[in-house]
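J.: Mapped onto the numbering used here, the consecutive letters of the sequence shown carry residue numbers 1363 to 1572. Each residue gets a CB set at the ideal place from its N, CA and C atoms; glycine is no exception.
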Amino acid sequence: MIPKQIDFRLYLITDRKLLTSPDALPAAVEESLKGGARAVQLREKDIGVRELLGMAYSLREITKRYKARLFINGRVDVAMAVGAEGVHLGISDIPVHAARKAAGNDMLIGASAHSVAEAKRAEQEGADFVTFGPVYKTPSKLQYGKPVGVQAIERVKEEVSIPVFAIGGINRERVGEALKAGAYGVALISAILASENIKSSTEEFMRLLK
1363 MIPKQIDFRL
1373 YLITDRKLLT
1383 SPDALPAAVE
1393 ESLKGGARAV
1403 QLREKDIGVR
1413 ELLGMAYSLR
1423 EITKRYKARL
1433 FINGRVDVAM
1443 AVGAEGVHLG
1453 ISDIPVHAAR
1463 KAAGNDMLIG
1473 ASAHSVAEAK
1483 RAEQEGADFV
1493 TFGPVYKTPS
1503 KLQYGKPVGV
1513 QAIERVKEEV
1523 SIPVFAIGGI
1533 NRERVGEALK
1543 AGAYGVALIS
1553 AILASENIKS
1563 STEEFMRLLK
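1. Going straight from the alpha carbon of P1501 to that of S1477, what length do you get?
2. Helix or strand or just coil, what does DSSP make of S1552?
3. Alpha carbon to alpha carbon, how far is Y1419 from V1458?
4. I'd like the span of the beta strand (DSSP E) that includes A1461, first residue to last.
5. Note down, one range per segment and in chain order, each beta strand (DSSP E) of at least 3 residues found wholly within the stretch 1427-1492.
6. Over the uninterrupted beta strand (DSSP E) stretch that includes L1372, give me the two end residues.
7. In three-state terms, what does DSSP make of L1387?
8. Tell whether a beta-carbon distance below 8 angstroms holds between L1390 and L1372.
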């Protein structure tokens, strides 16, 4: 059963380096929210915590206006400080079980998984959903090894009951096969933020995810 609180199927992940300037991030996120996105993960790993906190506060004000969910990558403390709905944890971040203990049951926890074993462990430790991939080859995920392929989504879905979001090289032409393989939704970075029209691109993905 899909938990009621996972009420989004497009999971936007930020990368300010794809934009004309770092200051353009809030406006870019708002354009995607105008297009229908309802979940945003602030993922800017190369900045200090104070700058991250400032970004988080800025995005929180925007997501509130659109009744969208904000997730903070890797930092439970920042998520709690700004009143974000969730945190997203990678394999090198604080473990899911520790984040759950710190944040309580109300905070949503997403976890990155690159194998069936990692997805199972995330679920066992209390994650509400996982991003799984990279499904296809993509520059942003080269450090995680070769693409797992769309068939791997089927194997993950056989082992976990929480929602699985396909990530890595997802474009409009690939959404259908990811969903057919069992993905609940898709996590997108450049497909949205590097597009010429962020709002229109988001609208197109939202139509495909219905």
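T.: Short version:
1. 19 angstroms
2. helix
3. 23 angstroms
4. From DSSP, A1461 is part of no beta strand (DSSP E) but of the alpha helix (DSSP H) over V1458 to A1465.
5. 1431-1435, 1448-1451 and 1470-1475
6. L1372 to I1375
7. helix
8. Correcting the residue type first, residue 1390 is Ala in the shown sequence and not Leu. Not closer than 8 angstroms, so no.
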